[in-house]
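A quick write-up on the structure given underneath.
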Amino acid sequence: MSLSVSRALALATCFAASSLAASVVEWQERSIYQVLTDRFALEGGGTARCVTDDRKYCGGTYRGIIDKLDYIQNLGFDAIWISPIVANVGGFTTYGEAYHGYWAQDIYKLNSHFGSADDLVALSNALHARDMYLMVDVVVNHFGPANSSASFESFNPFNKPSYFHPRCLITNYNNQTDVEQCWLGDDKVALADVNTENLWIVTTLNRWIASLVKDYRIDGIRIDTVKHVRKDFWPLFAAASGIYTVGEVFHSNTAYVADYTYVLDGVLDYPTWYQLFPAFQTSTGNLSALAEVILKAQRSYKTGLFGSGVFSENHDQPRFASLTTDTARIKNVIAFPFIHDGIPILYYGQEQGYTGGNDPANREALWLSGYVEEKEFVDHVKTLNAARKAAIATCAEYLVTPMEFPEVTATTLAVYKHPLLALFTNVGSHGTTSWDVQGTDYAPGTELLEVFSCSKVYVDSTGGLTALSTSGQPQLYIPASAPFEHCKNR
8 MSLSVSRALA LATCFAASSL AASVVEWQER SIYQVLTDRF ALEGGGTARC VTDDRKYCGG
68 TYRGIIDKLD YIQNLGFDAI WISPIVANVG GFTTYGEAYH GYWAQDIYKL NSHFGSADDL
128 VALSNALHAR DMYLMVDVVV NHFGPANSSA SFESFNPFNK PSYFHPRCLI TNYNNQTDVE
188 QCWLGDDKVA LADVNTENLW IVTTLNRWIA SLVKDYRIDG IRIDTVKHVR KDFWPLFAAA
248 SGIYTVGEVF HSNTAYVADY TYVLDGVLDY PTWYQLFPAF QTSTGNLSAL AEVILKAQRS
308 YKTGLFGSGV FSENHDQPRF ASLTTDTARI KNVIAFPFIH DGIPILYYGQ EQGYTGGNDP
368 ANREALWLSG YVEEKEFVDH VKTLNAARKA AIATCAEYLV TPMEFPEVTA TTLAVYKHPL
428 LALFTNVGSH GTTSWDVQGT DYAPGTELLE VFSCSKVYVD STGGLTALST SGQPQLYIPA
488 SAPFEHCKNR
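Counting the sequence shown from 1 gives a position; the working numbering is that position plus 7.
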């Protein structure tokens with residue numbers, strides 16, 4: 008059964024929560040630091056054993072995050088994305104415990120491993136006191152593993168098999184009906200797929216998200232497994248939340264992902280990610296394919312790439328540093344989201360040089376790093392955030408200016424997004440390359456600052472720029488008149 012459009016819209020409006028309700032435009036000004044709550048910080052500091060292969064809770068909490076907000080803010084981030092907050096199934100499965108938060112059992116209770124309701128409110132308040140935003144991960148598509156009638160009885164509020172689609176594992180990802188109505192997982196751990204065609208379930212979920220946002224003063228939600236739920240479910244759910252919504256559509260095809268930009272504020276830009284790693288992993292990577300997929304998304308996404316989230320690592324994919332040890336290539340990959348049209352997202356630990364491979368190896372405890380800030384990648388991230396903020400302050404149109412590619416060769420890529428010019432290369436730390444960039448709108452003679460080296464150059468009489476790299480490092484230029492203070496502090 009489905010809601011009539013008029014009635015559903017009315018209900019969504021009634022459910023919409025009162026919160027800070029930052030707009031999409033306000034979120035565009037931000038950069039996001041993603042944490043796995045269980046793996047980011049222990050309350051009161053200190054360290055504890057955390058072996059990723061064990062797939063067990065390691066002890067990270069909301070209070071632990073509060074203790075380390077200085078660290079996140081010093082990196083230049085003004086928003087964080089935390090793990091799903093609802094109570095998850097207990098016990099140990101074939102794939103370990105639900106430390107990640109994606110196996111819901113009771114959506115009306117919190118995951119006690121992460122802290123209490125008061126602790127979560129305290130985190131929200133602490134962020135807002137710093138003018139930072141809180142993004143919470145939300146799962147609608149499924150609950151936890153259901154291998155018996157007792158499993159369904161333990162779920163709340165959907166405590167009957169009839170509240171879920173009949174069990175069938177997804178075997179054909181080209182069949183959208185299977186994708187939306189069959190279950191994720193395998194014969195060992197199958198995740199109960201919520202029947203989002205049911206009127207009562209739709210109403211319940213819309214009421215639930217409105218209350219969640221209001222109770223914990225959430226500013227944005229990242230929605231898991233979006234492609235596994237019918238598209239016409241999402242506009243009403245988003246309206247009920249009353250805040251910024253960005254959805255995970257795990258797919259490489261731009262046209263497929265683009266459809267979801269018409270039902271949510273934005274998507275995680277997986278098509279770009281699919282080209283990003285191979286482009287920079289070796290010197291034979293296809294940089295033109297990376298530019299092409301971005302141009303295609305700019306044309307096909309509802310509002311271009313503006314409002315979408317762009318990333319190079321996350322909890323579901325191997326870290327780039329597990330695929331190469333070349334620091335120059337790693338720096339190029341880290342830098343790319345910060346010159347992109349979308350909202351940059353950094354996965355915790357990337358700044359510390361973490362090298363975890365596929366899940367669960369990519370879910371390391373950050374306290375084992377000591378949160379050291381005198382590190383090469385940490386400074387790299389600080390510089391990128393500072394340069395992006397300076398660009399926003401310099402040009403009122405920066406956030407709605409689409410990135411352009413004035414140079415694409417076998418080993419180099421120039422990205423221009425006024426007032427920033429970024430030069431990327433995949434030649435690696437021992438490679439030499441050069442750029443000859445034309446087609447910017449810099450005035451001849453403009454003094455530019457290269458933000459990583461703090462060196463200055465001048466735009467030539469045609470508005471162009473030539474640059475040389477002997478170590479494969481990315482270069483990022485901004486007018487020297489911009490309010491970029493990072494070089495002064497070195």
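For every residue, glycine included, the Cβ atom is placed at its ideal position computed from N, Cα and C.
On a predicted model such as this, the values are computed, not experimentally measured, just so you know.
Can you check whether the CB of Ile39 is closer than 8 Å to the CB of Pro278? On the sequence shown, position 271 is the one that residue 278 refers to. On the sequence shown, position 32 is the one that residue 39 refers to. Contact: no.
Is the distance from the Cβ of Met142 to the Cβ of Ile228 below 8 Å? Position 135 of the sequence shown, counting from 1, holds the residue named residue 142. Position 221 of the sequence shown, counting from 1, holds the residue named residue 228. Yes, the pair counts as a contact, with Cβ atoms nearer than the cut-off.
Taking only three categories from DSSP, how would you classify Ile79? Translated into positions along the sequence shown, residue 79 becomes position 72. Correct three-state label for Ile79: helix.
Note the first and the last residue of the continuous beta strand (DSSP E) segment covering Arg229. If you number the sequence shown from 1, residue 229 lands on position 222. Taken as a continuous stretch (DSSP letters only), the beta strand (DSSP E) holding Arg229 covers Gly227 to Ile230.
Please state whether the Cβ-Cβ distance between Ser476 and Thr439 is less than 8 Å. Translated into positions along the sequence shown, residue 476 becomes position 469. Translated into positions along the sequence shown, residue 439 becomes position 432. Yes, the pair counts as a contact, with Cβ atoms nearer than the cut-off.
Reduced DSSP category for Arg14 - H, G, I as helix; E, B as strand; rest coil: Numbered from 1 along the sequence shown, position 7 holds the residue referred to as residue 14. For Arg14, the pLDDT reaches just 46, beneath the cut-off of 50, and the residue's location in the model is therefore unreliable, leaving the point undetermined.
Val466 beta carbon less than 8 Å from that of Thr453: Working through the sequence shown from its first residue, we reach residue 453 at position 446. Working through the sequence shown from its first residue, we reach residue 466 at position 459. Their beta carbons are under 8 Å apart, which means Thr453 touches Val466 by this criterion.
Using DSSP with H/G/I as helix, E/B as strand and the rest coil, what is His135? Numbered from its first residue, the sequence shown carries residue 135 at position 128. If DSSP states are grouped into helix, strand and coil, His135 belongs with the helices.
Here's the rule I'm using: 16 or more other beta-carbon atoms within 10 Å means buried, otherwise exposed. How should Arg37 be labelled? Here residue 37 refers to the residue found at position 30 of the sequence shown. Buried.
Ile485 versus Leu428 - alpha carbon distance: As a working note, residue 485 is residue 478 in the sequence shown. As a working note, residue 428 is residue 421 in the sequence shown. If you take the alpha carbons of Ile485 and Leu428, they lie about 7 Å apart.
Across which residues does DSSP place Pro285 in a beta bridge pair? Walking along the sequence shown from the start, residue 285 turns up at place 278. According to DSSP, which records beta bridges pairwise, Pro285 is partnered with nothing at all.
Do the region 390 to 401 and the region 410 to 420 meet, that is, are 3 or more Cβ pairs less than 8 Å apart? no
Given a cut-off of 8 Å on the beta-carbon distance, is the pair Trp110 and Asp144 in contact? As a working mapping, residue 110 is identified with position 103 in the sequence shown. As a working mapping, residue 144 is identified with position 137 in the sequence shown. No, the pair does not count as a contact, with Cβ atoms beyond the cut-off.
Taking contact to mean at least 3 C-beta pairs separated by less than 8 Å, is the region 302 to 309 in contact with the region 337 to 344? no
Decide if Arg174 is buried, meaning its Cβ has at least 16 other Cβ atoms within 10 Å, or exposed. Walking along the sequence shown from the start, residue 174 turns up at place 167. Arg174 should be labelled exposed.
Are the C-beta atoms of Gly292 and some chain B residue less than 8 Å apart? Absent here is chain B; the protein component of the structure consists of one chain.
Judging by CA-CA distance, which residue of Thr291, Ala489, Asn260 and Ala372 is the nearest neighbour of Thr416? Counting from 1 along the sequence shown, the entry for residue 416 is found at position 409. Ranking the options by Cα distance to Thr416, first place goes to Thr291.
Kindly list the residues whose CB is nearer than 6 Å to the CB of Ala15, restricted to its own chain and excluding five residues on each side of it in sequence; keep chain order. Translated into positions along the sequence shown, residue 15 becomes position 8. Only weak support exists for where Ala15 lies, its pLDDT of 47 falling under 50; the coordinates are left without a value.
Considering Cα atoms alone, identify which of Phe150, Gly314 and Arg237 is closest to Gln183. Along the sequence shown, one-based indexing puts residue 183 at 176. It is Arg237 whose Cα lies nearest to the Cα of Gln183.
Does the distance from the C-beta atom of Ser460 to that of Asp333 stay below 8 Å? Working through the sequence shown from its first residue, we reach residue 460 at position 453. Working through the sequence shown from its first residue, we reach residue 333 at position 326. Contact flag unset, no.
For a minimum of 4 consecutive residues, which ranges assigned as the alpha helix (DSSP H) are wholly contained in the region 283 to 370? 294 to 307 and 334 to 346
Trp190 to Thr44 span [Cα, whole Å]: Residue 190 sits at position 183 when you count from the first residue of the sequence shown. Residue 44 sits at position 37 when you count from the first residue of the sequence shown. The alpha-carbon atoms of Trp190 and Thr44 are separated by roughly 26 Å.
How would you write the range of the alpha helix (DSSP H) that Thr210 sits in, first residue to last? For the purposes of this step, residue 210 is taken as residue 203 along the sequence shown, with counting starting at 1. Where Thr210 is concerned, the enclosing alpha helix (DSSP H) stretches over Leu206 to Tyr223.
Compare the beta carbon distance of Val253 and Phe313 with 8 Å and say whether it is the shorter of the two. As a first step, residue 253 must be located in the sequence shown, where it is residue number 246. As a first step, residue 313 must be located in the sequence shown, where it is residue number 306. No, they are not a contact pair.
Let me check understanding here. Comparing Cα to Cα, which of Ser156, Ala136 and Gly67 lies closest to Phe499? Lying outside 8 to 497, the shown extent of the chain, residue 499 is not represented and no answer is given.
Local Cβ density within 10 Å of Arg306, reported as buried at 16 or more and exposed below that: Here residue 306 refers to the residue found at position 299 of the sequence shown. Flag for Arg306 reads exposed.
Identity of the residue in Asp113, Leu456, Ala403 and Leu219 nearest Ser488 by Cα: Indexing the sequence shown from 1 puts residue 488 at position 481. Of Asp113, Leu456, Ala403 and Leu219, the residue nearest in Cα terms is Leu456.
What span of residues does the beta strand (DSSP E) with Tyr423 cover, start to end? Mapped onto the sequence shown, residue 423 falls at position 416. Residues Thr419 to Lys424.
Beta-carbon separation (whole angstroms), Gly349 vs Asp276, contact threshold 8 Å: For the purposes of this step, residue 349 is identified with residue 342 of the sequence shown, where counting begins at 1. For the purposes of this step, residue 276 is identified with residue 269 of the sequence shown, where counting begins at 1. That pair is a contact at about 6 Å.
Which listed residue (Phe165, Ser169 and Tyr308) has its alpha carbon closest to that of Asp113: Position 106 of the sequence shown, counted from the first residue, corresponds to residue 113. Comparing Cα-Cα distances from Asp113 to each of Phe165, Ser169 and Tyr308, the minimum goes to Phe165.
Leaving aside the five residues before and after Phe22 along the sequence, list all residues of the same chain whose C-beta is less than 6 Å from its C-beta, in chain order. If you number the sequence shown from 1, residue 22 lands on position 15. Caution applies to Phe22, whose pLDDT of 48 falls short of 50 and renders its modelled position unreliable; the value that the coordinates give is listed next. The answer, listed in chain order, is Asn213, Arg214, Ala217 and Ala247.
Tell me, to the nearest whole angstrom, how far the beta carbon of Asn369 is from that of Gly363; I am working on the premise that it is less than 8 Å. Taking the first residue of the sequence shown as 1, we reach residue 369 at position 362. Taking the first residue of the sequence shown as 1, we reach residue 363 at position 356. Contact holds; Cβ gap of about 4 Å.
What did DSSP end up calling Phe412 once you bin it into helix, strand or coil? As a first step, residue 412 is located in the sequence shown; it is residue number 405 there, counting from the start. Note: Phe412 maps to strand in three-state DSSP.
DSSP on Glu457, reduced to helix/strand/coil? Counting from 1 along the sequence shown, the entry for residue 457 is found at position 450. Strand at Glu457.
Beta-carbon proximity of Arg46 to Leu373, cut-off 8 Å: Position 39 of the sequence shown, counted from the first residue, corresponds to residue 46. Position 366 of the sequence shown, counted from the first residue, corresponds to residue 373. The answer is yes: Cβ separation under 8 Å.
Rounded to a whole number of angstroms, what is the C-alpha to C-alpha distance between Ser13 and Val379? In the sequence shown, counting from the first residue as 1, residue 13 sits at position 6. In the sequence shown, counting from the first residue as 1, residue 379 sits at position 372. Bear in mind that a pLDDT of 42 at Ser13, under 50, signals an unreliable position, so the number given afterwards is only what the model happens to contain. Distance between the alpha carbons of Ser13 and Val379 is about 54 Å.
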